[in-house]
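Going line by line, the protein sequences match chains A and B.
So the first sequence is numbered by the numbering used here: it starts at 138 and just counts up by one.
So the second sequence is numbered by the numbering used here: it starts at 138 and just counts up by one.
We treat Cβ as the ideally placed atom computed from N, Cα and C, and that holds for glycine.
Protein chains: 2
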Amino acid sequence: MTQKEKILKAGAKLFRKQSYSATSMQDIADELSIKASSLYNHISSKQEILSELLLSNAEAFVKGMKDVKEAELSPTDKLKRIISIHVRLTVEDTNKMSLMTNEWKLLTEENKEIYLSHRSAYEKSLKSILKEAIKLGEIKDVNIDLSLFSILSTLRWLYSWYDRNRDISPIDLEIILFKNLIEGIVTK
Amino acid sequence: MTQKEKILKAGAKLFRKQSYSATSMQDIADELSIKASSLYNHISSKQEILSELLLSNAEAFVKGMKDVKEAELSPTDKLKRIISIHVRLTVEDTNKMSLMTNEWKLLTEENKEIYLSHRSAYEKSLKSILKEAIKLGEIKDVNIDLSLFSILSTLRWLYSWYDRNRDISPIDLEIILFKNLIEGIVTK
DNA sequence: GTCTATATTACGATAGAC
DNA sequence: GTCTATCGTAATATAGAC
Numbered sequence: 138m139t140q141k142e143k144i145l146k147a148g149a150k151l152f153r154k155q156s157y158s159a160t161s162m163q164d165i166a167d168e169l170s171i172k173a174s175s176l177y178n179h180i181s182s183k184q185e186i187l188s189e190l191l192l193s194n195a196e197a198f199v200k201g202m203k204d205v206k207e208a209e210l211s212p213t214d215k216l217k218r219i220i221s222i223h224v225r226l227t228v229e230d231t232n233k234m235s236l237m238t239n240e241w242k243l244l245t246e247e248n249k250e251i252y253l254s255h256r257s258a259y260e261k262s263l264k265s266i267l268k269e270a271i272k273l274g275e276i277k278d279v280n281i282d283l284s285l286f287s288i289l290s291t292l293r294w295l296y297s298w299y300d301r302n303r304d305i306s307p308i309d310l311e312i313i314l315f316k317n318l319i320e321g322i323v324t325k
Numbered sequence: 138m139t140q141k142e143k144i145l146k147a148g149a150k151l152f153r154k155q156s157y158s159a160t161s162m163q164d165i166a167d168e169l170s171i172k173a174s175s176l177y178n179h180i181s182s183k184q185e186i187l188s189e190l191l192l193s194n195a196e197a198f199v200k201g202m203k204d205v206k207e208a209e210l211s212p213t214d215k216l217k218r219i220i221s222i223h224v225r226l227t228v229e230d231t232n233k234m235s236l237m238t239n240e241w242k243l244l245t246e247e248n249k250e251i252y253l254s255h256r257s258a259y260e261k262s263l264k265s266i267l268k269e270a271i272k273l274g275e276i277k278d279v280n281i282d283l284s285l286f287s288i289l290s291t292l293r294w295l296y297s298w299y300d301r302n303r304d305i306s307p308i309d310l311e312i313i314l315f316k317n318l319i320e321g322i323v324t325k
């Protein structure tokens, strides 16, 4: 791991624990047993730590969604794949996932705009998959906005559940999430 | 509204928008068109603003849960009542609800302990209602921890959905939430 | 109840030696 | 690549006049 990667990792850990604004460069430097000024040899600002963490993860989601959209799958199977993306990225790094849910507000205006445009593109794609599933009769004709919101709420908070249930395998997690989120509203 | 209430209201608004740590007493004072030092005639610290907001809401949830537990209702009807509590408190003040989900980390150790003990008592009560519902066959024999987590995720993020759908009546909101969260997993 | 003035501390970031 | 030293700024909070 490069020194920059170590800084990003320490940042993610501390930003999650005590929020971005309440974390000082001192705190991050202490975590790596160096002086705060030494951080600036690897990153140009505290904001850069946050934006690198958030934007790289946002891009991973957008990329994953692109693959799903292009796949030859039924809407229901696409939903399974989307759950799988969330599980994979959550298992990979719960701290980063926590920041995506809670700390994006602290991005500068410019970075926030990029982040939110990724997020709404992602939500729009998921919504059109849900619509398609309803059209094909794979899912009940529910309040689509609330269902979308409900599914995303659970997937966005998955990191906190996973931290307390790390013994479960990603595959099993995908299965019970699907049952819980989708089969609940599937026809019949 | 007393001056103290105005301060709490402005605090909730700003803490939600830009987080607790990134909000200065200056910011709150500006919102009320007074000087920052004047705030201290009504509150003793910035932390007091946060803790009053969070602990009063946490107590409202605990009180609501107590009433539900003591009521002579089926587990399913109890779940309906619990959804109703969340809807009521969300409709009352989405800013406060946002803080409960996102800003509790910034409570001092002492206050955080009180807050988290309220929260886990609440979760424990909800879990035992779910268990009872399964025992009586009102709900499928699901992964109870994940269902609990999934229901709470949606209810805790309801404030953000409600802010974008303020035209819906509380009653209708309760009904579609119940359909989405509970009927989905009810037997048959 | 609000103001001005101020004490005290901490922060992000830079310059320059090693 | 890390260090010491430091600049400039902004934060919470208090004291005391009006």
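{"Query": "Can you tell me which residues form a DSSP beta bridge with Ile276 of chain A?", "Result": "A:Val323"}
{"Query": "Any beta carbon of chain A sitting closer than 8 angstroms to that of Ala147 of chain B?", "Result": "no"}
{"Query": "What residues of chain B sit near Gln184 of chain A, judged by a beta carbon separation below 8 angstroms?", "Result": "What Gln184 of chain A touches in chain B: nothing, since even the nearest Cβ is about 12 angstroms away."}
{"Query": "Let me see if you follow: with CB-CB separation under 8 angstroms, is Val224 of chain A close to chain B or not?", "Result": "no"}
{"Query": "Can you check whether the C-beta of Asn239 of chain B is within less than 8 angstroms of a C-beta belonging to chain A?", "Result": "yes"}
{"Query": "For Glu275 of chain B, which residues from the same chain have a beta carbon less than 6 angstroms from its beta carbon, with the 5 sequence-adjacent residues on both sides left out?", "Result": "Pro212 and Thr213"}
{"Query": "Arg293 of chain B lies in the alpha helix (DSSP H); which residues open and close that run?", "Result": "Ile281 to Arg293"}
{"Query": "Which residues in the same chain have their Cβ closer than 8 angstroms to the Cβ of Ser287 of chain A, if we skip the five residues on either side of it in sequence?", "Result": "Leu318"}
{"Query": "Against Ser221 of chain A, what residues of chain B qualify as contacts under a CB-to-CB distance less than 7 angstroms, listed in chain order?", "Result": "Neighbours of Ser221 of chain A on chain B: none; closest Cβ ~16 angstroms, over 7 angstroms."}
{"Query": "Go through its chain and collect everything with a Cβ distance to Gln140 of chain B's Cβ below 6 angstroms, but skip five positions before and after it.", "Result": "His179"}
{"Query": "For Lys200 of chain B and Gln184 of chain B, what's the separation of their Cα atoms in angstroms?", "Result": "24 angstroms"}
{"Query": "So with CB distances below 7 angstroms, who are the chain B contacts of Gln155 of chain A?", "Result": "Lys242"}
{"Query": "Specify, as a first and last residue, the run of the alpha helix (DSSP H) that Lys146 of chain A falls within.", "Result": "Gln140 to Gln155"}
{"Query": "Please determine, among B:Val279, B:Ile144, B:Ser193 and B:Ala159, the residue with the shortest C-alpha to C-alpha distance to Leu243 of chain A.", "Result": "B:Ala159"}
{"Query": "How would you list, in chain order, the residues of chain A whose beta-carbon sits under 8 angstroms from the beta-carbon of Gly201 of chain B?", "Result": "Chain A residues near Gly201 of chain B: none, gap ~21 angstroms exceeds 8 angstroms."}
{"Query": "Taking 8 angstroms as the CB-CB limit, is Thr291 of chain B close to chain A?", "Result": "yes"}
{"Query": "So, for Lys206 of chain A: in the same chain, excluding its five sequence neighbours on each side, which residues have a beta-carbon less than 7 angstroms away from its beta-carbon?", "Result": "Ser262"}
{"Query": "Since Ala159 of chain A meets chain B, which of its residues come closer than 7 angstroms, beta carbon to beta carbon?", "Result": "Ser158 and Leu243"}
{"Query": "Residues in the same chain with beta-carbon distance under 6 angstroms from Leu292 of chain B, minus the five sequence neighbours each way, listed in chain order, please.", "Result": "His223"}
{"Query": "Determine whether the beta carbon atoms of Leu190 of chain A and Ile144 of chain A lie at a separation below 8 angstroms.", "Result": "no"}
{"Query": "If you draw a straight line from the C-alpha of Asp204 of chain B to the C-alpha of Ile220 of chain A, how long is it?", "Result": "37 angstroms"}
{"Query": "Check whether the region 292-310 of chain B and the region 244-260 of chain A are in contact - that is, three or more C-beta pairs closer than 8 angstroms.", "Result": "no"}
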